[in-house]
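Colleague: In this text, residue positions in the sequence shown follow the numbering used here: the first is 120, and each later residue adds one. A virtual CB, placed ideally from N, CA and C, is assigned to each residue, including glycine.
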Amino acid sequence: MKELLSIINLTESFKSFPSIGEKSAERMAYYLLDMDQEKVNFLIKSIEEARTKVHQCSNCGALIDTSTCPFCESERKHDTCIVVAYPKDILTFEKLDTFKGVYHVLNGEISSIKGKSIKDLRVDELKERIKKEHIKELIIATNPTIEGETTALFLAKVLENEDIKVTRLAHGVPMGGNIEYSDNLTILKALENRTDLK
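1. By DSSP's criteria, C200 is part of a beta bridge. Which residues make up the other side?
2. Checking the sheet assignment: what are the DSSP bridge partners for L182?
3. Using a Cβ-Cβ cut-off of 7 Å (strictly less than) and excluding sequence neighbours within five positions of R287, which residues of its own chain qualify?
4. Look up T211 in the DSSP assignment and say whether it is helix, strand or coil.
5. Leaving aside the five residues before and after A252 along the sequence, list all residues of the same chain whose C-beta is less than 6 Å from its C-beta, in chain order.
6. Is G227 closer than 8 Å to P206 when the C-beta atoms are compared?
7. What is the DSSP secondary structure of K251, counted as helix, strand or coil?
8. Can you tell which of S193, T171, L182 has the C-alpha that lies nearest to the C-alpha of H223?
9. So, helix, strand or coil for R170, using DSSP?
10. Whose C-alpha, out of F133, V159, G267, is nearest the C-alpha of I237?
11. Look at the Cβ atom of F133, then the Cβ atom of I139, and state whether they are nearer than 8 Å.
12. Residues in its own chain within less than 6 Å of L307 by CB, not counting five upstream and five downstream?
13. Between E256, R241, L162, which has its C-alpha nearest A204's C-alpha?
14. Report the rounded CA-to-CA distance for R248 versus D208, giving the unit in angstroms.
15. Since I232 contacts N262 with CB under 8 Å, what's their CB separation in whole angstroms?
16. Roughly how many angstroms lie between the CA atoms of E157 and S165, to the nearest whole one?
17. Around the C-beta of L278, are 16 or more other C-beta atoms found within 10 angstroms, so that it is buried, or is it exposed?
18. DSSP has V285 in a bridge; who is on the other side?
Okay, here's the thing in structure tokens:
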């Protein structure tokens, strides 16, 4: 099969994507071979631009490809902040087009398996923002998993002496699920029915 090494390598590359198995990776590889050159060039350019231009906002942690962050701009309401584990989770709330507050990315969740503790998360940065931006309510939107729940409880404990309301998304989002895979209505209801943590 040496003559098909390029296709095998391409297939293996696609298999490294989440939820992509052998057959799906093969279909993607052969589909790419059939694409016209203009689409292939656009794909290559898009990947290169994403890899070189996309970075985390130093303030909130969102992924951006500009020098200024659209989520940290003054037009948004800085009194309410949704705290998420990962940058990709922000997009889920932005799709609702109802939340006009700000975000804070923790860059993970507490996990003994992954060796992540509260010290590895962007908690100190969050505490600074609470004071600097006069945030009045934190909505903790970590995943409804053991790691997500542990992180939420630790955050509530760390912030118990702060003059701020700390809420948690209601469990419209199922336990064991991931926020990014939840539908808009589930996310909206969870946001509306959030609960106090302190």
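Modeller: Based on what the coordinates show:
1. V221, L257
2. Q175
3. I259, A271, R313, T314, L316
4. helix
5. In the sequence on display, residue 252 carries Glu and not Ala. Taken in chain order, the residues that qualify are H197.
6. no
7. helix
8. L182
9. helix
10. G267
11. yes
12. L215
13. R241
14. 19 Å
15. With 8 Å as the limit, I232 and N262 do not qualify as a contact, their Cβ atoms being about 14 Å apart.
16. 12 Å
17. buried
18. L257
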